[in-house]
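J.: Per my numbering, the very first residue in the sequence shown carries number -2; after that it's consecutive. Structure provided below as structure tokens; questions to follow.
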Amino acid sequence: MKITHVAVDVVRVPVDRPYVAGARAVDANWHVLARITTSDGVEGVGYIVYPRPDLMTAIGHAARELGETLIGMSVLEPEAAWDRLARRGDWVGPGGLLHAALAPLDIAVWDAAGKTLGQPLHRLLGGYRDRVPTYGSDGLWYSLSPDELAASARRHVDDGFDAVKLRIGKEPTAEREAERVRAVREAVGPDVRIMVDATESWTLRQARETGRVLQEAGIAWLEDPVHHLDLAGLAELRRALTVPVTGGEHLYHLDAFRALLEARAVDVVILDLARVGGITPWRKIAALAQAHRVPVCGHVVPEIQVHLLAAVPNGHLVEYVPRSAAILAAMPRRERGALVAPSAPGLGLELDADAVQRYRVA
């Protein structure tokens, strides 16, 4: 169970439908993929995903260098492994590049631990349940026209989702934003939950005005309405609106989540595995949120997040964005609006070796 080898690859996975995120055109999702091998012949796999080739190449180099420090460590001691990685990389400063480089290695250690013990990760981490409600989130960008957005949302519903999340925040008025929501509502019917992600696009005044209009249009939650460091603004919005205010995916540290929760700034905390630094810190943040009676959700990588959210009592929803499907033999299955955590040991995921080799760039 000692780690004997660590390999890190950067993998470029093309998307079926290119889209615009912010001001950036996205034609591929870039992965930093870590694989560790133990003295017992177990392979653990972990990865992060982001549509930024410049950043991901640098993160891949950092993860490759950090991974060397894992040699000789036990996969059954992920806390010790994470601490060693963090201490080795502390020269680059907390968060940011360091956490993104730590995350795939940490995930790979946990995957190997589950395989070594013969347990699926959701059970190893707590075993609260084996499935989590999910929502469709892919292909619902603000670069689409209202008609295109409505058609994309309808495809999600036809594929079995009973909740979808739209990206908004680029229209000039609150009413124009609401028109996009109404177009989707007309397409999906009255029983589908419509969440919106404003991608930190508004001032507090805009968020207050637009939030009221959107809750009248029937949204189910408002995500990232203002900058993530504006805790006072988020808390004010939460008090002013009846619709849940959500956020957290842009935060890195336990202390930052503590401040978010103590400010009572959000109704739901969203955790990004890359930014928080992997599974080891994710668990601590989820427990902190539970202590504040706040549910948690995952940001992207649903095939990994489903294990974590299924393991804790306050796991709420999985964001279904299958950005890694092209390098996996299969994604976890969906049943009646829920994503089912794989029952095989570890993450229960199998890489498509040919695809990984085909898309590998470094």
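Idealized CB from N, CA, C, for every residue including glycine. All of these numbers come straight from a predicted model, not from anything done at the bench.
Taking its Cβ as the centre, do 16 or more other Cβ atoms sit within 10 Å of GLY93, making it buried, or is it exposed?
T.: Counting other Cβ atoms within 10 Å of its Cβ, GLY93 stays below 16 and is therefore classed as exposed.
J.: Restricting to runs no shorter than 4 residues, where is the alpha helix (DSSP H) found entirely within the region 45 to 82?
T.: 50 to 64
J.: Go ahead and pull the three-state DSSP assignment for VAL273.
T.: helix
J.: Whose C-beta lies closer than 6 angstroms to the C-beta of PRO310 among residues of the same chain, with five residues either side of it excluded?
T.: TYR125
J.: Closest to ASP362 by CA distance: which of GLY157, ARG235, ALA214 and GLY215 is it?
T.: Coverage of the chain is limited to positions -2 through 359, which leaves residue 362 absent and any answer about it impossible.
J.: Assign PRO48 to one of two classes, buried (16 or more other C-beta atoms within 10 Å of its C-beta) or exposed (fewer than that).
T.: buried
J.: Considering TRP107, what are the terminal residues of the alpha helix (DSSP H) in which it resides?
T.: 93 to 114
J.: Going residue by residue through the region 124 to 166, where are the continuous beta strand (DSSP E) segments of at least 3 residues, counting only ones entirely within it?
T.: 128 to 133 and 160 to 164
J.: Pick from ALA232, ASP264, VAL240 and LEU226: whose alpha carbon is nearest that of ASP252?
T.: LEU226
J.: For the region 98 to 108 and the region 254 to 266, state whether three or more C-beta atom pairs, one from each stretch, are separated by less than 8 angstroms.
T.: Too few Cβ pairs lie closer than 8 angstroms, so no.
J.: In this structure, does DSSP put THR207 in helix, strand or coil?
T.: helix
J.: Decide yes or no for the touch test of the region 334 to 345 against the region 126 to 144: beta carbon pairs closer than 8 angstroms, at least 3 of them.
T.: yes
J.: Would you please verify whether the beta carbon of LEU228 is less than 9 angstroms from any beta carbon of chain C?
T.: Looking for chain C here will not work: only one protein chain is present.
J.: Span of the alpha helix (DSSP H) holding ILE301?
T.: Per DSSP, the unbroken alpha helix (DSSP H) holding ILE301 starts and ends at 299 to 308.
J.: Can ILE191 be considered in contact with the ligand PLP, in the sense that its beta carbon sits closer than 8 angstroms to one or more heavy atoms?
T.: What this structure holds is no ligand at all, so the ligand PLP is not there to describe.
J.: Are the CB atoms of LEU325 and VAL297 within a distance shorter than 9 angstroms?
T.: It is not a contact, given that the beta carbons lie outside the stated cut-off.
J.: Just to confirm my understanding: we take ASP6, look at its own chain, exclude 5 residues before and 5 after, and list those with CB closer than 6 angstroms. What are they?
T.: LEU30 and ARG357
J.: Between the Cα of ALA232 and the Cα atoms of ALA204, ILE216, GLN212 and VAL193, which residue gives the shortest distance?
T.: It is ALA204.
J.: Would you list the residues sitting across from ARG331 in a DSSP beta bridge?
T.: Answer by DSSP bridge pairing, in chain order: LEU336.
J.: Can you list, in chain order, the residues of its chain with a C-beta nearer than 8 angstroms to that of GLU65? Leave out the 5 residues immediately preceding and following it.
T.: VAL3
J.: From this set, THR170, ASP37, THR131 and VAL72, which residue's C-alpha is nearest GLU316's C-alpha?
T.: Checking every option, the nearest Cα to that of GLU316 belongs to THR131.
J.: Can you tell which of LEU118, ARG151 and LYS162 has its C-alpha closest to the C-alpha of TRP138?
T.: LYS162
J.: Measuring alpha carbon to alpha carbon, tell me which of THR196, ALA171, PRO169 and GLN212 ends up nearest ARG190.
T.: Residue GLN212 is the option with its Cα nearest to ARG190.
J.: Cutting at 8 angstroms between CB atoms, please list the residues of its own chain near ARG360, excluding the five before and the five after it.
T.: Since the first and last residues shown for the chain are -2 and 359, residue 360 lies out of range.
J.: May I have the straight-line CA-CA distance separating LEU73 from VAL193, to the nearest angstrom?
T.: Taking the straight line from one Cα to the other gives about 40 angstroms.
J.: Exposed or buried, what is SER149 when buried is set at 16 or more other beta-carbons lying within 10 Å of its beta-carbon?
T.: Sixteen is the threshold: when 16 or more other Cβ atoms of the shown chains lie within 10 Å of the Cβ of SER149, as they do, the residue is buried.
J.: Would a C-beta distance cut-off of 9 angstroms place LEU102 and GLY334 closer than the cut-off?
T.: no
J.: What does a CB cutoff of less than 7 angstroms around GLY245 pick up in its chain, not counting 5 residues either side in sequence?
T.: PHE254, LEU257, VAL263, VAL266, ILE267 and LEU268
J.: Looking only at its own chain, which residues have a Cβ that is under 8 angstroms from the Cβ of ASP188, when we skip the five neighbours before and after it?
T.: ASP159
J.: Could you pull out every residue in the same chain whose Cβ sits closer than 8 angstroms to the Cβ of LEU67, ignoring the five residues on either side in sequence?
T.: ILE0, VAL3, ILE33, ALA78, ARG81, LEU82, LEU102 and VAL106
J.: Looking at the structure shown, is ASP252 part of a helix, part of a strand, or coil, going by DSSP?
T.: helix
J.: Taking the straight line between their C-alpha atoms, what separation do you get for GLU76 and THR277?
T.: 7 angstroms
J.: In angstroms with no decimal places, state the Cα-to-Cα distance between THR207 and PRO292.
T.: If you draw a straight line from the Cα of THR207 to the Cα of PRO292, it comes to about 25 angstroms.
J.: Exposed or buried, which one is GLU172 when buried takes at least 16 other CB atoms within 10 Å?
T.: exposed
J.: Measuring only the C-alpha atoms, how far is VAL39 from THR113?
T.: Distance from the CA atom of VAL39 to the CA atom of THR113, rounded to whole angstroms, is 7 angstroms.
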